[in-house]
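Below you'll find the structure, written out as structure tokens, and then a few comments.
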Amino acid sequence: KNLEVLLETEAEMKRAAEGVAKGMSEGLKHGVKHRRSQLELESIEAYDPEAEAKFVAALQS
């Protein structure tokens, strides 16, 4: 009986760890995409100081 409980607990812990790892991976992907977008916007701003205002206006329209 103790072995069964131990194996069930181990399986639950593995599922939880997989969920945490997946969440972290998705978070990192989002962070990389967000950072890449910010870098692209900063590059555009170097050529057009009003780029951010234009970007916000485009999102709102």
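First residue of the sequence shown: 56, per the numbering used here; consecutive thereafter. Using N, Cα and C, we set each Cβ at its ideal position, and we do this for glycine too.
Return the CA-CA distance between residue i and residue j, expressed in angstroms with no decimal places.
i, j, result
"R70", "E81", "16 Å"
"E107", "K77", "33 Å"
"G74", "E67", "11 Å"
"E65", "K56", "14 Å"
"V60", "A72", "18 Å"
"M79", "V111", "29 Å"
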